[in-house]
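Below is one structure; the comments refer to it alone.
There are 2 protein chains.
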Amino acid sequence: MFECAFVRVWFAWLASCVLLPATLLAGSGQADAPAAARAAAKPAWLDAYRAPAARLIEAATADDAAWQRLAELTDTFGSRLSGSKAYELAIAWAVDRMRADGLEHVRAEPVKVPHWVRGHESLEILDPVERPLPLLGLGGSVATSAEGVIAEMMVVSSFDELDARAAEARGRIVVYDVPFTTYGETVRYRGAGASRAARHGAVAALVRSVGPVGLRTLHTGAMRYDPAFPSIPVAAITAEDAGMLHRVAKRGKPVRLRLTMASHFADEADSANVIGEIRGREHPDEVMVVACHLDSWDVGTGASDDAVGCIGVWEAVRLMKQLDLRPRRTVRVVLYANEENGLRGGTTYRDAHREELAKHVAMLEMDLGAFPPVHFGFSGSDGARATVEAIASLLEPIDAHRVRPGGGGADIGPSVQAAGIPALSLTGDAEQYFMIHHTPADTIDRIQPRDVARAAAAIAVMAYVIADLPERLDRAAGTGAP
Amino acid sequence: MFECAFVRVWFAWLASCVLLPATLLAGSGQADAPAAARAAAKPAWLDAYRAPAARLIEAATADDAAWQRLAELTDTFGSRLSGSKAYELAIAWAVDRMRADGLEHVRAEPVKVPHWVRGHESLEILDPVERPLPLLGLGGSVATSAEGVIAEMMVVSSFDELDARAAEARGRIVVYDVPFTTYGETVRYRGAGASRAARHGAVAALVRSVGPVGLRTLHTGAMRYDPAFPSIPVAAITAEDAGMLHRVAKRGKPVRLRLTMASHFADEADSANVIGEIRGREHPDEVMVVACHLDSWDVGTGASDDAVGCIGVWEAVRLMKQLDLRPRRTVRVVLYANEENGLRGGTTYRDAHREELAKHVAMLEMDLGAFPPVHFGFSGSDGARATVEAIASLLEPIDAHRVRPGGGGADIGPSVQAAGIPALSLTGDAEQYFMIHHTPADTIDRIQPRDVARAAAAIAVMAYVIADLPERLDRAAGTGAP
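Same order as they appear, the protein sequences are chains U and S. Here the first sequence is numbered in the working numbering, starting from 1 and rising by one per residue. Here the second sequence is numbered in the working numbering, starting from 1001 and rising by one per residue.
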């Protein structure tokens, strides 16, 4: 079901996932020190932005309007998997609300999206007594037969161990019991675990959930098949059960599992990127994009991944409108489609706006939650970085002034890469984020109103000033890609 | 399905649950200070027990044998609901292992237990778009029809609010969104929520899980019907979803839910209390009981509730055997049946051993986990308390020397109450325990080997010394009941 073009983009995205967290999880000291030093030398042009920045911060933090909108979105529609009715309704709601907010050029730009359907799924350990184990099929997995796969399990701690014991894998259900270190390190097992096992003749694979140990918490997420090997069904199990199966295996008695999955792809569905703007007063054709993705996995309500990002970037633009702050250039909010299992929103935007990308002055994505402490990531020229750091210094009052290397995001990635656009991200605390990432526990009650307000304020100030700068943000050739 | 006698006992047990946690959760300062002062005046007889206590502590903490046995039990059989095949196998395993340990008079004393079967269950919110919500039917609930109950929801924060808005409840599914304070305070909604709603004409009830907010974590547990009102189906929902439904209700648009449950009682099943002993060398007919319950709810693996209690008391006796420490009186380990949904093990033991209860010198139950810090609870005469506190002082090296008011346990309760027997408990940290209590997350990986070893050592020392005292533990009339 995966087109080649999609697979290539998606590989790139997976690679960015692998690389991103190392930066996210790195200590902040070294990265922040030079930033602080540079920010200390504040340029004269910054003074003109102190008043509007203060107004944006004050308006954003005056009430819990942003959190209430986040609650309305996640409470009303729940999860928003591409192709689902709930997602379709959420898109219509967002268009209506953006228009009511007075945003300009509000539209839903068509995007065709894959429609993966989970269907019924179950897992049982059969020896010495049959009992169910919780599971979550991985997005994109094929189904089993209706009777399920019944096979003896083989538990490994790594791909290396699997390869070393390859002869044992034939006809088995391979269980990966890989403790979570960083997302980048362990998500490889979710992405490639099925095909790595199928290569040695395994009939199914189970992957320890990619996240810290929770409370028997399941993490779903996308996987991909290597076309060189058979496509075998694959699901996530809890960290606790992976450990249990590993102990049982070490005791030496053979244990059989039964895995049943009815997952499949329905026809591709009509979906959309939701877009609204404040048109620039001097250069309306030059665009500062602030972005998120409105789709989510089909568990939890996608509150941190990525409804809070959508509310953050949308509120940023709404606040400018409310305060009548119209920058020189256009600020465009894009609620992308289908980040989770296809990235079609990002690739469709790139293709539909290809002619316009040269006039994208910068793109910012918020897709790693609002849990404090937050920081900006930036990828671009040194000149642009200095400008971004100066702007960020305006956010010291709300503790959102840190700028670290590595900006960007999955959805803006295709455009950023195609045209070398300076790329930013607003990023929350990774530890809290990955605890609930792709789980049923990604719900709004974990998110504080002040944290949504902080994110909206930070993005509003950053986007407004970049869009309003007397000179366009520096875009030295060859340094724009994240 | 509930016999009158059972209902009475079970009411008493529920009442003890309501009262117990207030003690458990109280600050330790005041309760510990007098204990420390009294323990400072250590009696001369205590000296004879310093060497055996040190040996028991050393043996218990020398390796992770206790944790490994806990792992074998919970990994092999999983959850152990009364009437289930897994529980039956676990009983047979325990008898075999006790015999292999060399315990004496090992037997499985027959107990008839109720056999509640969960069956398929589901919950959906229907407006504005149908989507599933996780649920766990409460133990003892009746089923819905096969099509389920479809009704508008009514969300309340308390019984008071329900009663004040009673006219709205007719035909509704009542949702109790009661934030967790203490177990005793909030378990009332689990126990009585269905009948309190049915009294006003509700057609089903949903209860916010009784526990701290976890990660969309469901807590099951027993409920009871008031025969004065119709029996309506009742299930637990997550704290997050209770809050979500409450917010949705406050927005004012009617919302319908569909609840489907196939729970029912099968025929009563043959089960057993598993018993082993070290016979006393001078007064074998006088008995010190150390107890737990081997059954669990049907989610998680009942590792803390109460497999760890079983391993703690069983190891205590095994260690005496291993070290050839045979006290003057008999020490009897009892792995009770059916604590969770019937208390038949406790009532059957009381009835089968009625003639012998007068010679029970004390009973100790471990059923609140092994999470540190641990303490003993004690209910009995002041004289006996002073003795218990002196013995506990031997456990200072492993931080298990605290003695607080309020000993006992659900399973030993019927015997303790029938014969005024001094009652002890070994109790872990309540906050960690109630986080995973009756949830899928009650698994062994949360329990540290050193904590199982500490519990076993503490119980071994306390039980050995009480059973070996030159004079039988004081049992002043009228003060024995907890």
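A virtual CB, placed ideally from N, CA and C, is assigned to each residue, including glycine. Bear in mind that the values here come from a model prediction, so they are computed numbers and not experimental data.
Contacts of residue i in chain U (Cβ-Cβ under 9 Å)
{"i": "A1441 (chain S)", "result": "G214, L215, R216, T217, T238 and E240"}
{"i": "G1221 (chain S)", "result": "Per Cβ cutoff of 9 Å: no residues; G1221 (chain S) is ~16 Å from chain U at best."}
Beta carbon proximity, residue i to chain S, threshold 8 Å
{"i": "K85 (chain U)", "result": "yes"}
{"i": "D445 (chain U)", "result": "yes"}
{"i": "R247 (chain U)", "result": "yes"}
{"i": "A337 (chain U)", "result": "no"}
{"i": "D63 (chain U)", "result": "no"}
{"i": "A71 (chain U)", "result": "yes"}
{"i": "G29 (chain U)", "result": "Low per-residue confidence applies at G29 (chain U): pLDDT is 37, beneath 50, and the placement is therefore not dependable, though the value from the model is reported in the following sentence. No, because no Cβ of chain S sits closer than 8 Å to the Cβ of G29 (chain U)."}
Residue i: contacting residues in chain C (beta-carbon distance under 8 Å)
{"i": "L103 (chain U)", "result": "Among the protein chains of the structure shown, namely U and S, there is no chain C."}
Chain-ordered chain S contacts of residue i [CB-CB under 8 Å]
{"i": "G428 (chain U)", "result": "Per Cβ cutoff of 8 Å: no residues; G428 (chain U) is ~17 Å from chain S at best."}
{"i": "G243 (chain U)", "result": "D1445"}
{"i": "I436 (chain U)", "result": "L1215"}
Cβ-based burial, residue i [other Cβ within 10 Å; buried from 16]
{"i": "W1045 (chain S)", "result": "exposed"}
{"i": "D474 (chain U)", "result": "buried"}
{"i": "D1306 (chain S)", "result": "buried"}
{"i": "E339 (chain U)", "result": "buried"}
{"i": "S415 (chain U)", "result": "buried"}
{"i": "P1052 (chain S)", "result": "buried"}
{"i": "A90 (chain U)", "result": "buried"}
{"i": "I295 (chain U)", "result": "In the sequence on display, residue 295 (chain U) carries Asp and not Ile. By the 10 Å Cβ count, D295 (chain U) comes out buried."}
{"i": "G171 (chain U)", "result": "exposed"}
{"i": "S1158 (chain S)", "result": "exposed"}
{"i": "A352 (chain U)", "result": "exposed"}
{"i": "R354 (chain U)", "result": "exposed"}
{"i": "R1050 (chain S)", "result": "exposed"}
Interface flag, residue i vs chain U, CB-CB below 8 Å
{"i": "D1177 (chain S)", "result": "no"}
{"i": "P1327 (chain S)", "result": "no"}
{"i": "L1089 (chain S)", "result": "yes"}
{"i": "A1451 (chain S)", "result": "The question names Ala, yet the displayed sequence has Asp at residue 1451 (chain S). Not an interface residue."}
{"i": "L1025 (chain S)", "result": "Only weak support is given to the placement of L1025 (chain S): the predicted model assigns it a pLDDT of 33, under 50, and the value that follows is read from those uncertain coordinates. Answer no: the Cβ-Cβ gap between L1025 (chain S) and chain U never drops below 8 Å."}
Extent of the continuous alpha helix (DSSP H) run through residue i
{"i": "G1309 (chain S)", "result": "V1308 to Q1322"}
{"i": "T1074 (chain S)", "result": "A1065 to F1077"}
{"i": "P1470 (chain S)", "result": "Taken as a continuous stretch (DSSP letters only), P1470 (chain S) belongs to no alpha helix (DSSP H), as it is neither H nor E."}
{"i": "V187 (chain U)", "result": "Y183 to A198"}
{"i": "D1241 (chain S)", "result": "A1239 to K1250"}
{"i": "T427 (chain U)", "result": "No alpha helix (DSSP H) holds T427 (chain U); the beta strand (DSSP E) holding it covers A423 to T427."}
{"i": "A1303 (chain S)", "result": "Careful: A1303 (chain S) lies outside any alpha helix (DSSP H) and carries neither H nor E."}
{"i": "P1405 (chain S)", "result": "Not the alpha helix (DSSP H): P1405 (chain S) falls in the beta strand (DSSP E), residues V1403 to P1405."}
{"i": "D1351 (chain S)", "result": "R1344 to A1352"}
{"i": "Y49 (chain U)", "result": "Taken as a continuous stretch (DSSP letters only), Y49 (chain U) belongs to no alpha helix (DSSP H), as it is neither H nor E."}
{"i": "E431 (chain U)", "result": "A430 to I436"}
{"i": "V416 (chain U)", "result": "G413 to A419"}
Closer than 8 Å at the beta carbon, the chain U residues around residue i
{"i": "G1078 (chain S)", "result": "I125, V129 and R131"}
{"i": "I1173 (chain S)", "result": "Within 8 Å Cβ-Cβ: nothing; I1173 (chain S) doesn't reach chain U, min ~17 Å."}
Span of the beta strand (DSSP E), counted from its first residue to its last, around residue i
{"i": "A1337 (chain S)", "result": "Element bounds for A1337 (chain S): n/a, residue is neither H nor E."}
{"i": "R1258 (chain S)", "result": "R1256 to M1261"}
{"i": "A1269 (chain S)", "result": "H1264 to I1278"}
{"i": "D285 (chain U)", "result": "H283 to H293"}
Listed by chain order, chain U residues near residue i by CB distance under 7 Å
{"i": "P1134 (chain S)", "result": "P440"}
{"i": "D1075 (chain S)", "result": "M244, R247 and V248"}
Beta-carbon neighbours of residue i, restricted to chain S and to distances below 9 Å
{"i": "D295 (chain U)", "result": "By Cβ distance, chain S contributes nothing, its closest Cβ being about 15 Å from D295 (chain U), past 9 Å."}
Whole beta strand (DSSP E) elements within the region 1097-1174 of chain S, 3-residue minimum: 1104-1117, 1121-1125, 1131-1133 and 1149-1156
Length at least 4, wholly inside the region 361-398 of chain U: the alpha helix (DSSP H) runs in chain order: 382-392
Unbroken stretches of the beta strand (DSSP E), 3 residues or longer, contained in the region 1194-1234 of chain S: Entirely contained in the region 1194-1234 of chain S, the beta strand (DSSP E) runs reaching 3 residues are, in chain order, 1204-1208.
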